[in-house]
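Read top to bottom, the protein sequences are chains A and B. Each residue of the first sequence is one higher than the one before, starting from 1 at the first, in the working numbering. Each residue of the second sequence is one higher than the one before, starting from 1 at the first, in the working numbering.
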Amino acid sequence: MTMSEGDLAVAQIKFVRQTTLEQQPPPMSMHGPIGWLRANLLSSPFNIALTILIALFLAWIIPGLLNFLLIDAVWTGADRDACREVVQQRTIGACWPFAWERLAYFTYGSYPIEERWRVDVFFAMLAIGVFWILWLQAPRRDLATYYCFIVLPVCSYFLLHGLPLVGLPVVDTVLWGGVLVTIVVSAVGIVVSLPIGILLALGRRSDMPTVKLFSVLFIEFVRGVPLVTVLFMASVMLPLFVPEQYSPDKLLRALIGIAMFASAYMAEVVRAGLQAIPKGQFEGAMAVGLGYWQMMRLIVLPQALKITIPNIVNTYIGLFKDTTLVFIVGIFDLLHTIEVSRIDPKWATPVTSTTGYAVAGIFYLVFCYAMSRYARATEARLAKSERR
Amino acid sequence: MSIDLRTGSPPARVPFYNDPKVRSIAYQVALCAVIVFLVYGAARNAIDNLERAHIASGFGFWNQTAGFDISQTMISYSNLSTYGRAFWVGLCNTLLVAVIGIFLATILGFIVGIARLSKNWLVNKAATGYVETIRNIPLLLQLLFWYNAVLKALPDFRDSVNIPGGAFLNNRGLFLPEPIPQTGFNIVALTFFAGIVVSIGYHIWARKRQEKTGQQAPVFLVSLGLIVGVPLIVFLALGLPLGFDYPRAGKFNMAGGIEILPEFAALLFGLSIYTAAFIAEVVRAGIRAVSHGQTEASYSLGLRAQPTLRLIVVPQAMRVIIPPLTSQYLNLTKNSTLAVAIGYPDLVQIFTGTVLNQTGQAVEVVAITMAVYLTISLATSLLMNFYNSRIALVER
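Here is the structure:
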């Protein structure tokens, strides 16, 4: 074996390195915590200024929140004296004994104490339904729809309102309150708005001019006015439109208003889903001889609803927050029970209002955030099936 | 005539009740009948119920004396004015809070929306935290918090907070010095408006010239000079023709100055902060909708970061942002009806609240209120459709 001229040259020139150098770690300024800081927080003078500004703002707000909610908070006490700075001679944060004592009122309102187990059973049944329909690995999910949309509403009505035949005394809806009402109002909105919304959306895309006209009129009218006026309409005008003896009670009126409002918004969400279905699907369904309702039930709606799930959940989040407005027409939802409690002389201190609002804020934040995470996860899951 | 190929005989006639046209007409007639029946029944019941309760009907109440006071009036009003006048007061108050709220929410929303796209980790996370928290707490709760827990907790008017410049802050509101124009101030206002008109003309001229010759004109600087600079010089030259009426602490309340009600401030804060979170999401989605290729193409043409943003990204993002932005503006206007919960005298609080209670004419009062919001909504969506058709992407 002879060496070529080039190889010879390489062998003779001693200063050319013949082995690769060990790879060195990148400089400290480019990786690790320092590199991260430089890239993410201090990349330019403007960014440095922004970082400092935001850091100062957070340094002001986060300790303030922690102090109020935990460090300076009062944890035990029997009445307002426990939470008064004048009495305690120190800075007072949240007055948790107030929230603790009123917890039952925030949950059940004035629902009779010996009957409150019925509300607990209702919450448990609802929780089962929610998990069953939302948890993808749950067994027999086909039954979950019937459970949530038929069994649960009927059972809950008799459970909460009463069925003297089986020994459940009637509890007037005037006594209902707190989380119970918030959940009932939003659940009714959710259960009623989906089917009516689907019908309205189909009506709006119908070939029949009068059906289309009435659907458009209803949807645009309800979406064009604020929920407050819809609730006022339901609570002051509705009793005029029915014979006196059938006049609906206060809660039912609010429920009708909420259901109307939610249906109109749901109709637009479903319509967007329907519009995303290619025409070939409709034509294919007709070509295999399906009638209108079969085509919708078996071909179009399953596809349309699947892609609208994230938007449906977002509508539900809006609806859940909007249920607080029933407060304005005198229904005792969670917010209303807090409004009533916070001015109770037994607990009247400067921090009582804020404590009450913190309780409500945490409640809504947890529920709405959970729903929006679910919507986002569903969106990601659906996007996966679209990927090629 | 078509022949069935299998049997060789003409097809059986479709029975008339299976004819889609006949069916369609039958369904529609049935629907109309149901609706007419419902409306007729409702109207009959309403007439019966109103007669039984001895409530008048019709719009005669419009010209009757209202007999109640309103805490904030932009047009002259006293308790001797009519219900009709009260309606206009309420409408003005609604529009006032809506317009200022839209202005503040837009500014805050754009800042937060852009911050959510920032590469600065802290800025990004702070903006995300803001949006996630505010969006997930009901607006009504936020309004009650601002009103009852923040503004009502301010000191009594005896211990008002003195703000430098002659303003006072206490639990009855914010009291600001009221500017009082003196002789000669009209001239300043006139030069200001003239400045705006001339600037618009200059802008059009500069644009035409750029299209023809490619030369750019310093439009921004010239406009600034015309709108701010010239009136300022005139203002100084005339010897500051503007006086102030400073608020003073009276015996039982503040006197003089402009009073900003805590109800108004709470509503304005609540609406702006809440809507800004939604606007931020709209802005973020709009900017992300502009593909990165646009920015790269702009850089490769030699444009720098700032003109790229101004000339390439923002105009394309606006096309995506404007429609949902308008619906957020509408939402803010509709949400201003929550004023009723904290006692700000907006249209709903005055009309659906006080007037309805006094007259008992539920149908008329609710119908008028709804008609107002419906008009605002429909007018905005008409404008929006017009705008959309103008800026829609024109493809080959």
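For each residue, glycine too, the CB sits at the ideal point set by N, CA and C.
Give the range of the beta strand (DSSP E) segment to which residue i is assigned.
i: P179/B; result: 178 to 181
i: V397/B; result: As displayed, chain B neither begins before 1 nor continues past 396, which places residue 397/B out of reach and without an answer.
i: A167/B; result: 167 to 170
i: L95/B; result: Element bounds for L95/B: not the beta strand (DSSP E) but the alpha helix (DSSP H), 83 to 116.
i: L242/B; result: 242 to 245
Taking only beta-carbon atoms, is residue i less than 7 Å away from chain A?
i: V123/B; result: yes
i: I273/B; result: no
i: M1/B; result: In this prediction, M1/B has a pLDDT of 45, which is less than 50 and means its spatial position is unreliable; what the coordinates show is noted afterwards. Answer no: the Cβ-Cβ gap between M1/B and chain A never drops below 7 Å.
i: T337/B; result: yes
i: N136/B; result: yes
i: A126/B; result: yes
i: R288/B; result: no
i: V320/B; result: no
i: K334/B; result: yes
Tell whether a beta-carbon distance below 7 Å holds between residue i and residue j.
i: I450/A; j: A264/A; result: Coverage of chain A is limited to positions 1 through 388, which leaves residue 450/A absent and any answer about it impossible.
i: S186/A; j: T315/A; result: no
i: F261/A; j: V222/A; result: yes
i: R297/A; j: A201/A; result: no
i: W62/B; j: Y77/B; result: no
i: L332/B; j: I102/B; result: yes
i: I321/B; j: V363/B; result: no
i: G257/B; j: E178/B; result: yes
i: I279/B; j: G173/B; result: no
i: R84/A; j: W347/A; result: no
i: G224/A; j: S377/B; result: yes
i: I92/A; j: V351/A; result: yes
i: G195/B; j: V230/B; result: yes
i: T65/B; j: L80/B; result: yes
i: Q142/B; j: G270/B; result: yes
i: S272/B; j: L91/B; result: no
i: F351/B; j: T326/B; result: no
Quick one: give me the first and last residue of the alpha helix (DSSP H) that residue i is part of.
i: I183/A; result: 178 to 204
i: D142/A; result: 141 to 146
i: D48/B; result: 20 to 52
i: I287/B; result: 262 to 289
i: F131/A; result: 116 to 134
i: G32/A; result: 32 to 40
i: Y77/B; result: Y77/B -> no alpha helix (DSSP H), and no H or E assigned at all.
How many Å lie between residue i and residue j at the Cα?
i: S353/A; j: V171/A; result: 30 Å
i: N171/B; j: K152/B; result: 5 Å
i: V161/B; j: F168/B; result: 6 Å
i: V313/A; j: V366/A; result: 15 Å
i: T378/A; j: A144/A; result: 18 Å
i: R376/A; j: P310/A; result: 7 Å
i: K21/B; j: Q294/B; result: 52 Å
i: L70/A; j: L168/A; result: 42 Å
i: G201/B; j: N253/B; result: 49 Å
i: L240/B; j: T191/B; result: 15 Å
i: V340/B; j: Q349/B; result: 5 Å
i: L252/A; j: G162/A; result: 15 Å
i: A304/A; j: V269/A; result: 10 Å
With a cut-off of 7 Å, does the C-beta of residue i fall near any C-beta of chain B?
i: G32/A; result: no
i: G129/A; result: no
i: S193/A; result: no
i: P27/A; result: no
i: T378/A; result: no
i: V151/A; result: no
i: P226/A; result: yes
i: V359/A; result: no
i: T107/A; result: no
i: C368/A; result: yes
i: L21/A; result: no
Tell me whether residue i, by its Cβ, gets closer than 6 Å to a heavy atom of the ligand HEM.
i: R116/B; result: In the structure on display, the ligand HEM does not appear, and there are no ligands present to speak of.
Distance cutoff 7 Å, beta carbons only. Does residue i sit that close to anything in chain D?
i: F363/A; result: No chain D is present in this structure, whose protein chains are A and B.
Under 7 Å (Cβ pairs) to chain B, residues found in the segment 291 to 323 of chain A: K321
What residues from the segment 52 to 70 of chain A come within 8 Å of chain B, judged by C-beta to C-beta, listed N to C? I54, A55, F57, L58
Near-chain A residues of the segment 342 to 375 of chain B - C-beta to any C-beta below 8 Å: V348, T352, L356, A362, V363, V366, T369, M370, Y373, L374
Note down, in chain order, all residues in the segment 238 to 257 of chain A with a beta-carbon under 8 Å from any beta-carbon belonging to chain B. P239, L240, F241, V242, P243, E244
Closer than 7 Å between beta carbons: that is the criterion. Which residues of the segment 15 to 45 of chain B meet it against chain A? S24, Y27, Q28, L31, C32, I35, A42, N45
Taking any Cβ of chain B, which residues in the segment 194 to 208 of chain A have a Cβ under 8 Å from it, in chain order? D207, M208
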